[in-house]
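*Asks:* As given, the protein sequences belong to chains Z and H, one line each in that order. Position 37, counted from 1, in the first sequence is what the working numbering calls 37; the numbers after and before it change by one each time, with no gaps. Count along the second sequence starting at 1, add 113, and that's the number in the working numbering. For glycine and all other residues, C-beta sits at the position ideal for the given N, C-alpha and C.
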Amino acid sequence: GDSVTQMQGQVTLSEDDFLFINCTYSTTWYPTLFWYVQYPGEGPQLLLKVTTANNKGISRGFEATYDKRTTSFHLQKASVQESDSAVYYCVLGDPSGSWQLIFGSGTQLTVMP
Amino acid sequence: NSKVIQTPRYLVKGQGQKAKMRCIPEKGHPVVFWYQQNKNNEFKFLINFQNQEVLQQIDMTEKRFSAECPSNSPCSLEIQSSEAGDSALYLCASSLGGNTEVFFGKGTRLTVV
Chain Z
1 GDSVTQMQGQ VTLSEDDFLF INCTYSTTWY PTLFWYVQYP GEGPQLLLKV
51 TTANNKGISR GFEATYDKRT TSFHLQKASV QESDSAVYYC VLGDPSGSWQ
101 LIFGSGTQLT VMP
Chain H
114 NSKVIQTPRY LVKGQGQKAK MRCIPEKGHP VVFWYQQNKN NEFKFLINFQ
164 NQEVLQQIDM TEKRFSAECP SNSPCSLEIQ SSEAGDSALY LCASSLGGNT
214 EVFFGKGTRL TVV
């Protein structure tokens, strides 16, 4: 079935470091992929969305590129800030008609001042 | 910023009690989702609606869980007889349908004591 894999459970960086969060997906459909960010006590917030039509998304300094060959959708940011500390989820949109979201296991990012 | 409104933010119930939570989706969004997020940050899809009709629901929701999205009233999710394992963050989300962006509310934190 459709699935999303995030291998990094925790990432700890210092301010101004480069961020890279790995995500791979599996689906037999043309994927719609999202990155969501969740701060403590809040619901997930949409960070960016990518489809096969526009294979790169950019938002708030974050970017992610969908690579069909490697079935990857990694998240990157050139220079993180302490305020970026949160849990990041790679998410696959289910194209089968229910439109539910398939979440990865999440990556807790901690940015030290 | 998401305009999905969930009430209450926190709910504490004893085992066997009813727990009811409400959601006002973003204006103009016909599709509403309910997800359960456990303490390990795992998301479980519960049910979704398009307008007032159920699109898909998991087996669990057919037993103790019930949900509705009446026209001109908030959507609701109710647990008939709460169990300790139901303690979680319940997230409501809405979208225009298809694989368009899905926006989440802040959630209702249910604690069953």
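Going straight from the alpha carbon of H/CYS136 to that of Z/GLN108, what length do you get?
*Replies:* If you number the second sequence from 1, residue 136 of chain H lands on position 23. If you number the first sequence from 1, residue 108 of chain Z lands on position 108. Approximately 27 Å between the Cα atoms of the pair.
*Asks:* Thinking just about the alpha-carbon of each residue, which of H/SER207, H/PRO143, H/LYS157 is nearest to the one in H/SER228?
*Replies:* Past the boundaries of the shown model lies residue 228 of chain H; chain H is included only from 114 to 226, so the question cannot be answered.
*Asks:* Going residue by residue through the stretch 144-216 of chain H, where are the continuous beta strand (DSSP E) segments of at least 3 residues, counting only ones entirely within it?
*Replies:* Counting whole runs of 3 or more residues, the stretch 144-216 of chain H contains the beta strand (DSSP E) stretches 144-150, 156-163, 166-170, 178-181, 188-192, 201-208.
*Asks:* Please list, in chain order, all residues of the same chain as H/PHE146 whose beta carbon is under 6 Å from its beta carbon, the five residues on each side excluded.
*Replies:* Counting from 1 along the second sequence, the entry for residue 146 of chain H is found at position 33. Taken in chain order, the residues that qualify are ASN161, ALA206.
*Asks:* Hey, does H/LYS219 have any beta-carbon neighbour from chain Z nearer than 8 Å?
*Replies:* Here residue 219 of chain H corresponds to residue number 106 of the second sequence, with the count starting at 1. So yes, H/LYS219 belongs to the interface.
*Asks:* Quick one: complete beta strand (DSSP E) runs, 3+ long, within the stretch 78-103 of chain Z?
*Replies:* For the stretch 78-103 of chain Z, whole beta strand (DSSP E) runs of length 3 or above, ordered along the chain, are 86-93, 101-103.
*Asks:* Listed in chain order, which residues of the stretch 38-60 of chain Z have Cβ atoms closer than 9 Å to some Cβ of chain H?
*Replies:* Within the stretch 38-60 of chain Z, the qualifying residues are GLN38, GLY41, GLU42, GLY43, PRO44, GLN45, LEU46, LYS49, THR51.
*Asks:* So, for Z/ASP17: in the same chain, excluding its five sequence neighbours on each side, which residues have a beta-carbon less than 7 Å away from its beta-carbon?
*Replies:* Looking up residue 17 of chain Z in the first sequence gives position 17. VAL80.
*Asks:* Determine whether the Cβ of H/GLY129 lies closer than 8 Å to any Cβ atom of chain Z.
*Replies:* By 1-based counting over the second sequence, the position of residue 129 of chain H is 16. No, H/GLY129 lies away from the interface with chain Z (no Cβ there is under 8 Å from its Cβ).
*Asks:* For Z/CYS23, does the three-state DSSP call read helix, strand or coil?
*Replies:* Looking up residue 23 of chain Z in the first sequence gives position 23. Coil at Z/CYS23, not helix or strand.
*Asks:* DSSP on Z/TRP35, reduced to helix/strand/coil?
*Replies:* Taking the first residue of the first sequence as position 1, residue 35 of chain Z is located at position 35. Residue state, collapsed to three classes: strand.
*Asks:* Which residues bound the beta strand (DSSP E) around Z/MET115?
*Replies:* Residue 115 of chain Z lies beyond the range of chain Z shown here (1 to 113); nothing can be said about it.
*Asks:* Give the secondary structure of H/ARG135 by DSSP, where H, G and I count as helix, E and B as strand, and everything else as coil.
*Replies:* Here residue 135 of chain H is taken as the residue at index 22 of the second sequence, counted from 1. Reduced to three states, the DSSP call for H/ARG135 is strand.
*Asks:* Which same chain residues end up closer than 8 Å to H/THR224 when comparing Cβ atoms and leaving out the 5 residues on each side of it in sequence?
*Replies:* Position 111 of the second sequence holds residue 224 of chain H. Cβ within range, chain order: TYR123, LEU124, VAL125, LYS126, SER200.
*Asks:* Anything in the stretch 135-148 of chain H with a Cβ closer than 9 Å to a Cβ of chain Z? List those residues in chain order, please.
*Replies:* Residues VAL144, PHE146, TYR148.
*Asks:* Skipping 5 residues on each side, what residues in its chain have a beta carbon closer than 6 Å to that of H/LYS182?
*Replies:* Here residue 182 of chain H corresponds to residue number 69 of the second sequence, with the count starting at 1. Here residue 182 of chain H turns out to be Cys, not Lys, going by the sequence shown. Contacts found: VAL145, PHE162, GLN165, CYS188.
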